[in-house]
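The numbering of the sequence shown is this note's numbering, which starts it at 121 and goes up by one. C-beta atoms are modelled at their ideal positions from N, C-alpha and C, and glycine is treated no differently. Data first, discussion second: the structure below is written as structure tokens.
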Amino acid sequence: MYKIIWDIQTRGILLVESSEDAIIPPRPVFYEELDLLGFDKFWEYPRIENPLLWAIGRRYYYEGKIVAEAKGGGIFKPPIIDITENGKNLYIEPIDIKLMIEKNAEKIKVIENEAIDFIADTHKKYKKRIDQFVVSFSGGKDSQVVLDLVSRTIPPDDFIVVFTDTTMELPTTYKTYEQTKKYYQNIYPSLKFYIAKNEQPAHKLWELFGPPSRIIRWCCSVYKTSPVVRLIRNLNSDRKKIKILVFEGVRADESSMRSFHNRTADASKHMTVINSRPIIYWSIPEVFAYIYYVSQTNEKFKKILNIAYKYGLNRVGCSICPFGSDWSEYIIHKKFPNTAKKFSKIIKNFANEILEDKHKINDYYNLGHWKKRAGGRIIFTNFKINFLSNSSKITAKINNHTRLINNLKWFNLFENTINYLDNGKYSGKIKIDEKILDGSINFNKDDVLIEFDKQDSKTSSIIRKILNKISYCISCGVCEAECPTGALKVFPSIYVERSLCIKCYNCLNLNSFGCILAKSLNFGEKGGISMKGSGIDRYSTFGFRKEWLKSFFENMDVWMKNNILGPKQIKAFLVWLKESEIIEKQSKDHLYPSDLGKLLQQTYFKDENLAWQIIWTNLYYNSNIIHWYLNSFEWGITLSKDILFEKMKEDYPNLSDTTIRNPLSALIETFNKNDYFGEKLKFGLIEKKGKNLYIKKIGSDDINPLAILYTIYRYAIHRNKYRFTLSELCEKDNRGTPYKIFGISQSKLSEILLWLHENKKELIRFEYKADLDNINLSDSIKDYAMLLKNYNFKNE
């Protein structure tokens, strides 16, 4: 919240309103880190509890001057220590913490009071709407500060503390949790602490799911979010539905993606959870300053700080993480080798299965190639389903594995008469949304053949998801956490309480596969909207540039004869125009705009932002590269160019590297040369770090209501389905929805839908009260272009 400058007097920092001398917020450095990296060969320093100097990145600062830099290194290779002229023959005197806190006390009090006011206001605002207030405690410094702030604001009987044990934690984190629990229960005896934990240890599911990657982040849902939700539901078993507010220690400067988090977010991670972030705007020195500020009156507060920070870790989390840096991995393998060992062994076994050159196994692990896994083609597992072609039935062949009999209980989501006959055969009927389907199940020696009548697309999709559940379910617990009524239990076996089930199908709508393991083991892009166009490499390397469209709309009738583009650029631009549905056809000298194109031209000169939002929806349906990008990666992720390339190779194994690189270059240029898709709407925000290029897929809530209405009608017309729910539009893997296309939050989408309901009742009706979130459209509209006719409204 404040700017940071060096304070030579204390060898510390000062918090200031503004300054031309402001620096990047540094972290404190302790003697344990210096010893670990071998600084004792160069410097003399005391081995005391308080910090000695500061670091920004991998540069070390003493009295405001760079005295050393750590270069290179890896998991098993220590970095090289480069001592600067200012750092030669250095004797380090520690930071004068007491004086530094005295000089910053006024500023610390300001951020403290602001955070306390925020917590108090949040508690008051949500008290009547929330069943359980929770402080999420991770064992890190940020959650330590949040817990302290909340404990001094809210009565101890009004909230609980939950530590999520992923079974991937560092040993120091478990110790910190126990110390923290003892510290606070001594002050507030009635404050309750709980541990949320998946029933199955992480290393067991790593072996089944495959190692998590920066693209396939199954571990967060399985080991963080769902255990907390299930714990809270068990603590409130007398309530059918439950709503939770979690105070968490997320800070904006922890990562580039977290800088875009809202301070309070409803259903950002889970439908039943509101996330509240009291210190989201604090910097790392402000966090440490607060810890030492509180410690002035209670010495024990700084003693519960996780000691892993003293070894040089920026963040304390899972011991092995696909987002871990070389720096953190070196420290963890050096200080906690046994913790990392069981996960590194799984990664190496994984590498042994997929690499022909066994000499490269260590490189696969040491250089972090496992973090780039894009799909499941390279996973070897007993869990596998093949859907067979059949015009009248949905037919699937499933590997006959040990859990399959138990997994048939997934049929209990529906009324069914499926019974065992004899010789491994089952037969009967199931009822889905008033539709009755005949089905049969035949257990053969090596596989199971399942067949059901084929119905409409929605019913068929539900059947496919159920069959994926039957094939892949290992009771990981994620779908149980999605059940709003507690009707579903998955551990130790699957159980559905039919009297509580409301047929919302949240347990099936986790993703387009219906199962998180099925998605992790997927063999490339499946299902969804059929793609138009001859291929994915249609633009050479040219993106959809903003100035090209402006020039075209200004001179549409003569553009082919009067433009400054080169031949390859013209060819690429014409593809973008066709995929945007702006032109229908072309001749040598003339382009023929579609009716929609003419309407978009008018819209463009009234509201350029809206025009680009409509175009983005059209590109989702028509551009292979845009369609692939939006469907392949979640919102809220940072992607390197290498990861994009690896994922495309996984999904298009028959394409050459050049064929893959061309559309990727066009995609990146689209974000780089069109600030509506890049900077403004953050569909792909380009960031360069040295020689590396990254895309932040953030999304936006700043979407015009007409663009939302247009997108919903495209969704409805494509599926010939004009009635659905808000929940359906917010499913992360439901294709063609406003969430999938724009990354819009559920809270903002519901706000826009309510506005549309009030102002455009002839087009949309939205029921959003009690247990209802129904959306009804006019089924007389078969042409989405009609929505742009007579366009005369914004979010008034």
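- Cβ-Cβ separation between Ile745 and Leu787: approximately 5 angstroms, consistent with a contact (criterion under 8 angstroms).
- Gln706 and Met906 have their C-alpha atoms roughly 24 angstroms apart.
- Note that the region 862–875 does not touch the region 769–779; fewer than 3 beta-carbon pairs, one per stretch, sit closer than 8 angstroms.
- The shortest CA-to-CA distance from Ser898 to any of Asp853, Tyr888, Tyr833 is the one to Tyr833.
- DSSP, read as helix, strand or coil, puts Arg147 in strand.
- Excluding residues up to 5 positions away in sequence, Gln264, Thr296, Gln299, Thr300, Tyr303 lie with their Cβ nearer than 8 angstroms to the Cβ of Ile424 in the same chain.
- Listed in chain order, the non-local C-beta contacts of Ala316 below 6 angstroms within the same chain comprise Val282, Thr284, Pro347, Val348, Leu351, local neighbours out to five positions each way being set aside.
- Glu137 counts as exposed, since fewer than 16 other beta carbons sit within 10 angstroms of its beta carbon.
- Tyr485 counts as buried, since at least 16 other C-beta atoms from the protein chains shown sit within 10 angstroms of its C-beta.
- Checking the DSSP bridge columns, you'll see Leu365 partnered with Phe253, Ile394.
- Membership of Thr287 in any alpha helix (DSSP H) is not indicated, and neither H nor E is assigned to it by DSSP.
- Secondary structure of Gly798 (DSSP, three-state): helix.
- Taken through DSSP and simplified to helix, strand or coil, Gln721 comes out as helix.
- DSSP assignment within the region 494–544 yields the following whole beta strand (DSSP E) runs of 3 residues or more, N-terminal first: 505–508, 513–519.
- In its chain, beyond the 5 residues on either side, Asp709, His710, Leu711 have a beta carbon closer than 7 angstroms to the beta carbon of Met680.
- In this structure, Leu210 sits near Trp163, with a CB-CB distance shorter than 9 angstroms.
- About 7 angstroms separates the beta carbon of Trp530 from that of Cys593, a gap short enough to meet the 8 angstroms contact definition.
- Restricting attention to Glu232, Asp567, Lys420, Thr293, the CA atom closest to the CA of Arg435 is found in Thr293.
- Contact annotation, Glu602 with Ile466: C-beta distance approximately 27 angstroms; criterion of less than 8 angstroms not satisfied.
- Counting of Cβ neighbours within 10 angstroms places Arg618 among the exposed residues, the total staying below 16.
- The region 778–793 and the region 844–861 do not touch, with fewer than 3 CB-CB distances between them shorter than 8 angstroms.
- The continuous stretches of beta strand (DSSP E) do not include Asn224, which lies in the alpha helix (DSSP H) extending over residues 217–246.
- Between Tyr540 and the set Ile582, Pro309, Phe563, Asp237, the nearest pair of CA atoms involves Phe563.
- Pro398 is the residue among Pro398, Asp155, Asn356, Arg359 whose C-alpha sits nearest the C-alpha of Gly369.
- Membership of Leu874 in the alpha helix (DSSP H) is indicated by the continuous run 866–879.
- Around the C-beta of Gln733, 16 or more other C-beta atoms lie within 10 Å, and the residue is accordingly described as buried.
- In the three-state scheme derived from DSSP, where H, G and I count as helix and E and B as strand, Phe196 is classed as coil.
- At a Cβ-Cβ threshold of 9 angstroms, Asn879 and Asp727 do not count as neighbours.
- For Trp326, the enclosing alpha helix (DSSP H) starts and ends at 322–329.
- Ranked by Cα distance from Ile561, the first of Gly548, Met288, Glu140 is Gly548.
- Here the alpha carbons of Met768 and Pro276 stand approximately 51 angstroms from one another.
- Between Leu873 and Ile828, the gap from beta carbon to beta carbon is short of 9 angstroms.
- When the five nearest sequence neighbours on each side are left out, the beta carbons in the same chain lying within less than 8 angstroms of the beta carbon of Pro146 are those of Ile124, Ile133, Trp174, Ala175, Ile176, Tyr181, Ile404, Pro405, in order along the chain.
- Straight-line spacing of the CA atoms in Arg179 and Lys185 works out to 10 angstroms.
- In this structure, Tyr314 lies near Ile280, with their beta-carbon atoms less than 9 angstroms apart.
- Shown here, Trp490 sits in a helix according to DSSP, grouped into three states.
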